[in-house]
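In the order they appear, the protein sequences are chains A and B. Throughout the first sequence, residue numbering follows the numbering used here, covering 1 to 163 in sequence. Throughout the second sequence, residue numbering follows the numbering used here, covering 1 to 163 in sequence. Even for Gly, the Cβ is constructed at its ideal location relative to N, Cα and C. Remember, predicted model here, so these are calculated numbers, not experimental data. Structure, as structure tokens:
Number of protein chains: 2
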Amino acid sequence: MSANALPYRPHNHDACVSRALADARAICQQNNARLTPTRERVLELIWQSHKPLGAYDVLAVLAEDGHNAAPPTVYRALDFLQQHGLVHRIASLNSFVGCTHAGENHNGLFLICRQCSNVLELTAPAVASAVSEAASAEAFRPEDVTIEVAGLCPRCQADAGND
Amino acid sequence: MSANALPYRPHNHDACVSRALADARAICQQNNARLTPTRERVLELIWQSHKPLGAYDVLAVLAEDGHNAAPPTVYRALDFLQQHGLVHRIASLNSFVGCTHAGENHNGLFLICRQCSNVLELTAPAVASAVSEAASAEAFRPEDVTIEVAGLCPRCQADAGND
DNA sequence: GAAAATTTGCAACATTATAACATATGCAAA
DNA sequence: TTTGCATATGTTATAATGTTGCAAATTTTC
Numbered sequence: 001m002s003a004n005a006l007p008y009r010p011h012n013h014d015a016c017v018s019r020a021l022a023d024a025r026a027i028c029q030q031n032n033a034r035l036t037p038t039r040e041r042v043l044e045l046i047w048q049s050h051k052p053l054g055a056y057d058v059l060a061v062l063a064e065d066g067h068n069a070a071p072p073t074v075y076r077a078l079d080f081l082q083q084h085g086l087v088h089r090i091a092s093l094n095s096f097v098g099c100t101h102a103g104e105n106h107n108g109l110f111l112i113c114r115q116c117s118n119v120l121e122l123t124a125p126a127v128a129s130a131v132s133e134a135a136s137a138e139a140f141r142p143e144d145v146t147i148e149v150a151g152l153c154p155r156c157q158a159d160a161g162n163d
Numbered sequence: 001m002s003a004n005a006l007p008y009r010p011h012n013h014d015a016c017v018s019r020a021l022a023d024a025r026a027i028c029q030q031n032n033a034r035l036t037p038t039r040e041r042v043l044e045l046i047w048q049s050h051k052p053l054g055a056y057d058v059l060a061v062l063a064e065d066g067h068n069a070a071p072p073t074v075y076r077a078l079d080f081l082q083q084h085g086l087v088h089r090i091a092s093l094n095s096f097v098g099c100t101h102a103g104e105n106h107n108g109l110f111l112i113c114r115q116c117s118n119v120l121e122l123t124a125p126a127v128a129s130a131v132s133e134a135a136s137a138e139a140f141r142p143e144d145v146t147i148e149v150a151g152l153c154p155r156c157q158a159d160a161g162n163d
């Protein structure tokens, strides 16, 4: 349907990864931020699929790499990547996913498939403005909006139908 | 402004608590569910304010009560209360807050003040339908929607202004 | 090249949550 | 009324997630 639906369909994922890394380099350069080898490696790992990855999953792969890393290494890299809008934390899963709208100034909305774990990030202006209005009606000043929708992606709905 | 804004203003909170407990008893009776002493006590503790409480906070108070409880006791009680729509878990805070719309069939939206920690639960049909549409547009079937808005409540905005 | 700022390494620890299994309690049918 | 079943609780241990604090190394700036 939309180009955004990519994660739910087979695609050349290597292209996703290299685009993400290229974007990251560009964004960091623009912001005078240092995309060090560790940070870049963590970003690459997060991007290894469209399924969110836990900090300790990342840590495990770093260990396989031969990188003798401890939790703070990973959390610090993830903090950095979050601050520069390169990854998002999915609060309901305690895990992290690559941002598919890096650079754009956005409030993400996440569609999370409970079956296959893939996550689709959307920019939904209608949702954002509805939330904004609801907050205004209570004189609340929003700073950070978390919208996570768990359910079944199209592919997994179809699979379930075939039972 | 709206009646919902209660948590952000001084009010007779005892009334909140006793109403919540009465509602809970009614709902459990209706559902043939057993609101045991432990469960009721946990609910009461969660309701001690409009600030979300962590499981281990609850545990600590139970300990003061003389109740020699372990984590599973608390988590089981919280699971029960969640299943019956009596409390909500705030994913972004790993903590729990009393449901102010118990019984109503609702998808909550939470306004969470980062300053005073109070949480206001709203039912925002406009938001719900916007989310629903965004999901449909991707052929995604939503099952569970988490919307948490962190920011500053009216009172804390005013306080900040007085600096 | 020296001083300052940033990043990383590392050890310990804090917080949040669950697994597995035993015991107890309430409730319903014989 | 007691037997049996489902539900609820107790208990111990452990897993999973995240943080603090300080020292060493690296990069940047002057």
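- About 12 Å separates the CB atoms of H50 of chain A and P10 of chain A; that is not less than 8 Å, and the two are not in contact.
- The alpha-carbon separation between Q29 of chain B and F110 of chain B amounts to approximately 28 Å.
- Annotation for T146 of chain B: the continuous beta strand (DSSP E) segment containing it runs R141 to L152.
- When Cβ pairs closer than 8 Å are counted between the two stretches, the stretch 113–124 of chain B is seen to touch the stretch 148–157 of chain B, the count reaching three or more.
- Contact between the stretch 61–79 of chain B and the stretch 32–52 of chain B is present, with at least three C-beta pairs closer than 8 Å.
- Using a Cβ-Cβ cut-off of 8 Å, T146 of chain A is close to A91, S92, T146, I147, E148, V149 and A150 of chain B, given in chain order.
- Beta-bridge pairing by DSSP links T123 of chain B to B:G108.
- In terms of Cβ geometry, G98 of chain A and I46 of chain A form a close pair [threshold 8 Å].
- Around the Cβ of P52 of chain A, a 10 Å sphere holds 16 or more other Cβ atoms; the residue is buried.
- Taking C-beta separations shorter than 8 Å and ignoring five residues to either side along the sequence, the partners of N107 of chain A in its chain run T123, A128, V145 and I147, following chain order.
- The beta carbon of Q157 of chain B sits closer than 8 Å to some beta carbon of chain A.
- Residue environment for G85 of chain B: buried (at least 16 other C-beta atoms within 10 angstroms of its C-beta).
- V97 of chain B does not reach chain A, its nearest Cβ partner there being about 15 Å away, counting only Cβ pairs nearer than 8 Å.
- In the displayed model, S95 of chain B falls within a strand according to three-state DSSP.
- Counting the other CB atoms within 10 Å of its CB gives H67 of chain A a total below 16, which places it among the exposed residues.
- Distance check between T36 of chain A and each of A:Q157, A:L81 and A:N118 places A:L81 closest, using alpha-carbon atoms only.
- In the three-state DSSP reduction, L53 of chain B falls in the strand class (E or B).
- Between A126 of chain B and A134 of chain A, the gap from beta carbon to beta carbon is short of 8 Å.
- Within its own chain, the residues whose Cβ lies closer than 6 Å to the Cβ of S92 of chain B, once the five positions on either side in sequence are excluded, are E148, listed in chain order.
- As computed with DSSP, C113 of chain B is found in a beta bridge with B:G151.
- Check the Cα spacing between N94 of chain A and each of A:E104, A:Y75, A:G54 and A:A26: the tightest is with A:G54.
- Residue state for R25 of chain A is assigned as helix, using DSSP reduced to three classes.
- Secondary structure in the stretch 28–86 of chain A: the alpha helix (DSSP H) runs of 4 residues or longer, each lying completely within the stretch, are 37–46, 55–65 and 71–83 in chain order.
- At least 8 Å separates the CB of E104 of chain B from every CB of chain A.
- Between A24 of chain A and A77 of chain A, the C-beta spacing is not below 8 Å.
- About 7 Å separates the CB atoms of V119 of chain B and I90 of chain B; that is less than 8 Å, so the two are in contact.
- Here E121 of chain A really is in contact with H88 of chain A; their C-beta atoms are around 7 Å apart, less than 8 Å.
- When secondary structure is reduced to three states using DSSP, H88 of chain B falls in the strand class.
- Look at P7 of chain A here: in three-state DSSP terms it is helix.
- At least 8 Å separates the CB of C28 of chain A from every CB of chain B.
- If you draw a straight line from the Cα of E143 of chain A to the Cα of N105 of chain A, it is about 14 Å long.
- The alpha carbon of A22 of chain A has as its nearest neighbour, out of A:F140, A:R141 and A:T100, the alpha carbon of A:T100.
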